[in-house]
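Colleague:
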Amino acid sequence: MGFLPTLPLLVEHTMRVRTRFAPSPTGYLHIGGVRTALFNWLFARKHDGQFLLRVDDTDQQRNVEEALEPILNGFRWLGLDWDEGPQAGGAGGDGDYGPYFQSQRSELYEAAAEQLVAGGFAYRDFATTEELQAEREAAQASGEAFTYSRRWMAESPEQVAKFEAEGRAAVVRLKMPREGTLVLNDLIRGEVRFDWAREQDHVIQRADGSCLYHLASVVDDRAMEITHVIRAEEHLPNTPRQVFIAQSLGYEIPEYAHLPYVAEPGSKNKLSKRKLDKYLKNRDFAALKKHGDSIAERLGLETSADTFNPVIVDFYEQVGFLPSAILNYLLLLGWSLDGEREEFTVDEMVEHFSLERVNHSPASFDPQKLMAFQERAFTQLDLKKKTALCVPFLQTAGLIDTPPACDTAPRVSAILTAAGDRVKVAGDILDYNDFFTPNEQLPLEEKAFQKRINKPEDARELLRKFADTLKTVEPFTASELDKALHGFVEREQIKIGQIIHALRVGVTGKAVGFGVFETLEILGRESCMARIQRALEHSIA
RNA sequence: GCCCCGUUGGUCUAUUGGUAAGGAUUGCAGGCUUUCAAUCUGCAGAUGAGGGUUCGAUUCCCUCACGGGGUACCA
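With the first letter of the first sequence counted as 1, position 191 gets the number 296 in my numbering; the numbers rise by one all the way through.
1. Nearest-angstrom Cα distance between K474 and T507?
2. Look at the alpha carbon of L436 and the alpha carbon of V455, and state the distance between them as a whole number of angstroms.
3. Thinking just about the alpha-carbon of each residue, which of W146, S377, H333 and D587 is nearest to the one in D452?
4. Closer than 6 Å by C-beta to I601: which residues in its own chain qualify, once you throw out the five before and the five after it? Chain order, please.
5. Over the uninterrupted alpha helix (DSSP H) stretch that includes Q310, give me the two end residues.
6. I'd like the span of the alpha helix (DSSP H) that includes A607, first residue to last.
7. Cβ of A368 within 7 Å of Cβ of L381?
8. If I measure Cβ to Cβ from F622 and keep anything under 6 Å in the same chain, skipping five residues before and after, which residues do I get?
9. Is P580 buried or exposed, if buried means 16 or more other CB atoms sit within 10 Å of its CB?
10. Would you give the residue range spanned by the alpha helix (DSSP H) that T522 belongs to?
11. What is the DSSP secondary structure of I293, counted as helix, strand or coil?
12. Pull up the DSSP beta-bridge partners for E360, would you.
13. According to DSSP, is A468 helix, strand or coil?
14. Considering only the alpha carbon of each residue, which of V122, R125, F126 and Y133 lies closest to S409?
15. Using the Cα positions of P365 and H591, report the straight-line distance between them to the nearest angstrom.
16. Tell me, which residues are paired with A216 by DSSP?
17. Would C633 be called buried (16 or more neighbouring beta carbons within 10 Å of its own) or exposed?
18. DSSP has R298 in a bridge; who is on the other side?
19. Roughly how many whole angstroms lie between the Cα atoms of E249 and R256?
20. Since W440 sits in a beta bridge, which residues does DSSP pair it with?
21. Less than 8 Å between C-beta atoms, sequence neighbours within five positions excluded: which residues of the same chain meet that for G200?
22. Quick check on the burial criterion: 16 or more other C-beta atoms within 10 angstroms. Buried or exposed for Q238?
23. State the Cα-Cα distance for the pair A328 and K386, rounded to the nearest angstrom.
24. Under DSSP, the beta strand (DSSP E) around F206 begins and ends at which residues?
25. Buried or exposed: V610, going by 16 or more other Cβ atoms within 10 Å of its Cβ?
26. Which residues in the same chain as C495 place their Cβ atom closer than 6 Å to its Cβ, once the five residues preceding and following it in sequence are excluded?
27. Among E219, F449, T412 and A362, which has the Cα closest to the Cα of L341?
28. Return helix, strand or coil for H135, following the three-state DSSP convention.
29. In whole angstroms, what is the alpha-carbon distance linking Q209 and Q423?
30. On a CA-only basis, which of A572, A430, I599 and Q264 is nearest R639? Give me that one, please.
31. Is A218 near Q305, with beta carbons less than 7 Å apart?
32. Which same chain residues end up closer than 6 Å to A127 when comparing Cβ atoms and leaving out the 5 residues on each side of it in sequence?
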């Protein structure tokens with residue numbers, strides 16, 4: 106009755122897989138959105154198909170261009186390239202199915218609405234919101250499910266004229282089936298059933314002629330030949346009305362796949378950009394944010410919740426995460442290959458991805474695990490790449506020149522080698538700012554100075570003596586310095602701890618850092634001498 | 001209220017009608033160590049509840065609880 110139990114599927118007739126992501130121009134790229142986009146992208150790439158971006162700006166007041174830029178930027182940074190859409194593919198146009206802004210496609214939607222009315226699948230409805238509300242409340246009071254009486258439905262010109270004479274305005278509503286069942290075969294969830302009787306006569310066009318999302322979405326998906334609609338699960342209950350629209354319009358139905366949403370750290374609530382304050386109470390989330398803050402501060406970045414927020418992709422770019430690490434982490438948030446393997450390059454993701462292995466339940470965003478992926482990916486990078494990633498951070502922080510002096514890269518590389526996996530994101534290079542600070546401007550952390558140089562009785566004397574030793578170490582390398590210090594310790598009959606901490610604080614101003622001998626070597630003899638001298642003269646006020 | 005989706009250690013997950021329920025991440029304790037990090041060793045930690053079906057259920061079915069989504073002239 107009414108709607109076909111078996112849906113004619115578009116995919117069977119189309120050679121090429123086409124998926125899409127339809128961001129609203131909100132000014133930021135949400136991490137959950139990235140995952141949805143990633144799965145769309147992976148699916149398209151895996152099947153040698155196409156991935157497109159369509160801007161969902163149907164109800165839209167703000168400046169679209171401006172609000173879209175951070176989103177496109179995020180995609181570019183992550184390497185999720187789109188075959189069609191705004192600013193797609195090099196010199197040519199945006200693609201053959203444009204425009205890719207829904208605000209520029211309204212005639213299409215209006216024509217579709219017209220067609221639905223003409224076909225008897227939709228009708229003009231002259232009910233006022235109050236009248237509708239009254240019906241809803243009545244249904245609720247009697248404990249029944251609300252079904253619109255269609256009292257102000259106008260299907261003939263006479264009815265239209267009559268209602269208009271009353272001064273009423275009409276919206277267009279779907280004339281939904283009131284019996285039967287829709288059996289939907291979701292690629293992730295399997296068979297899902299909906300009773301048509303539960304569906305409402307949804308509005309698809311407003312009185313002012315503008316059309317609503319569901320209509321627009323279905324029309325565009327068809328016009329752009331989308332074969333697989335892969336989207337967040339909150340759209341699952343909306344699917345029946347979209348199927349109804351599509352079928353009524355004579356379209357074939359795309360495949361649907363509904364992904365679980367990404368949840369807050371430590372809970373099953375949906376992750377939202379607006380709840381930063383709440384997430385900051387989560388220890389792990391707070392740690393991630395703090396890590397970012399410390400980098401941003403040294404870069405002189407603004408850290409407003411609108412942009413500098415671990416729920417938003419910009420955050421990761423700004424503090425120096427690797428796109429591949431984020432993608433790898435996000436991939437595992439709801440998808441697994443076999444429960445064992447977790448590391449995937451982007452190419453391997455494409456190779457192995459399948460919708461069948463997408464999980465059904467929401468997955469919490471776990472900052473610690475993201476960090477673990479990032480750390481692993483970053484430490485696996487070769488030195489040249491790491492250096493190239495870190496240099497811009499030093500430039501932005503004003504620690505080195507732009508363009509960098511010729512000895513900068515080797516120095517950064519030496520620091521990275523010595524620091525090992527202490528540098529987890531590119532921005533962590535700023536922990537070693539002391540290597541780029543002029544000797545006479547090196548800040549001495551008072552607490553460290555007090556504990557390691559000022560307070561121990563013999564520290565100053567030992568440091569002075571060791572400085573003399575330092576003058577003669579040749580070559581001035583970590584291994585020679587190591588020998589020299591150990592010889593010194595033996596001669597002075599002291600424990601290594603009595604000198605080494607003072608030495609570190611003296612030359613870096615800090616209590617923590619990587620190996621002291623590497624530190625000395627990278628600094629060079631001259632700087633070491635100058636800094637030690639300065640530390641010896643320093644006193645606490 | 002009604003409809004839909006979901007529920008394995010803190011978190012991400014694997015597997016199976018018969019498992020010591022596996023991996024990852026995290027946590028804790030200890031070792032190493034010039035600080036920090038890393039590393040090594042050890043430890044801890046899960047099938048939401050109740051009913052069925054079955055010789056046997058984490059797995060299949062039902063009910064409940066909990067979480068989420070939808071029920072908009074939002075997307």
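Glycine included, every Cβ here is placed at the ideal spot set by N, Cα and C. From a predicted model like this one, the values you see are computed outputs, not experimental measurements.
Modeller: On the basis of the supplied data:
1. Taking the straight line joining both Cα atoms gives about 35 Å.
2. Distance between the alpha carbons of L436 and V455 is about 11 Å.
3. When C-alpha distances from D452 are compared across W146, S377, H333 and D587, the shortest belongs to W146.
4. Here the set comprises V594.
5. Careful: Q310 lies outside any alpha helix (DSSP H), inside the beta strand (DSSP E) at V308 to Q310.
6. In this chain, the alpha helix (DSSP H) harbouring A607 covers I601 to T613.
7. For A368 and L381, no; Cβs fall outside 7 Å.
8. A583, L586 and D587.
9. It counts as exposed.
10. T522 -> alpha helix (DSSP H) spans T513 to A524.
11. In the three-state DSSP reduction, I293 falls in the coil class, being neither helix nor strand.
12. In the DSSP assignment, E360 is bridged to H333.
13. DSSP places A468 in strand when its eight states are reduced to three.
14. It is Y133.
15. Annotation: P365 to H591 spans about 59 Å, alpha carbon to alpha carbon.
16. Answer by DSSP bridge pairing: none, since A216 is not bridged.
17. Its Cβ being crowded by 16 or more others within 10 Å, C633 is buried.
18. BP columns for R298 point to V288.
19. If you draw a straight line from the Cα of E249 to the Cα of R256, it comes to about 18 Å.
20. Bridge partners of W440 according to DSSP: V463.
21. L157, D188, E189, G190, A193 and G194, listed in sequence order.
22. The residue in question, Q238, is exposed, as its Cβ has fewer than 16 Cβ neighbours within 10 Å.
23. Answer to the nearest angstrom: the Cα atoms are 46 Å apart.
24. Element bounds for F206: n/a, residue is neither H nor E.
25. By the neighbour-count rule (16 or more Cβ atoms within 10 Å), V610 is buried.
26. Cβ within range, chain order: V517, A531 and I534.
27. Of the candidates E219, F449, T412 and A362, the one whose C-alpha sits nearest the C-alpha of L341 is A362.
28. Residue state, collapsed to three classes: strand.
29. Rounded to whole angstroms, the separation of the alpha carbons of Q423 and Q209 is 33 Å.
30. It is A572.
31. Not in contact: A218 and Q305 (Cβ atoms no closer than 7 Å).
32. Leaving aside the five residues that flank A127 on each side, the residues in its chain whose CB is nearer than 6 Å to its CB run, in chain order, R159 and D161.
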